[in-house]
Amino acid sequence: GVINYLDGVINYLDNLDRVINYIDRVINYFDRGINYIDRVINYSNILTGSSNILKGSSTILTGSSTILTGSSTILTWSSTYLDRVINYIASTILTGSDRVINYLDRVINYLDRVINYIGRGINYID
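For the sequence shown, the numbering used here assigns the number 1036 to the initial residue and increments by one for each residue that follows.
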C-alpha cells in the first residue's frame, strides 16, 4: 500500500510538473504578446513622429509659398510704381521740353523782329 501511495504521489508530482511547464509556456506566450504590443506601440510612435515631421514640413512649405506670393505682389507693386514714376518723369521732361522750345521760339521771334528793325534802320539811313 505504501509503494502504491508513493507511486501516486510521484504521478501527482509529475502531473504538477507538467502543469507548471504549461503555465511557463503560457507566460512565455504572454511575454511574446507583450513584446509584440511594445513593438507595435514603438512603430506607432515612429509613424506619429514622421507624421508630425511631415505636417511641420507642409507648414514650412505653406509659409514659403505665402512668402513667395508676398514677394511676387511686392515685385508687381514695385514694377507698377516704377512705371508710374518713369511715366511721370518722362511726361515732366516732355512738358519741360515743350516749354523750353516755346520759350526758344519766342526768343527767335524777338531776334527776328530786332533784325527787322535793324534792317529798317539801315534802309532809313540809306
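For glycine and all other residues, C-beta sits at the position ideal for the given N, C-alpha and C.
- Per DSSP, D1161 lies in no alpha helix (DSSP H) segment and is marked neither H nor E.
- Y1078 and Y1071 have their C-alpha atoms roughly 10 Å apart.
- Taken through DSSP and simplified to helix, strand or coil, G1036 comes out as coil.
- Cα atoms of Y1159 and L1139: separation of roughly 30 Å, rounded to the nearest angstrom.
- Counting only runs of 4+ residues, no alpha helix (DSSP H) is found wholly inside the stretch 1108 to 1150.
- Secondary structure remark: continuous alpha helix (DSSP H) runs of at least 4 residues inside the stretch 1038 to 1116: none found.
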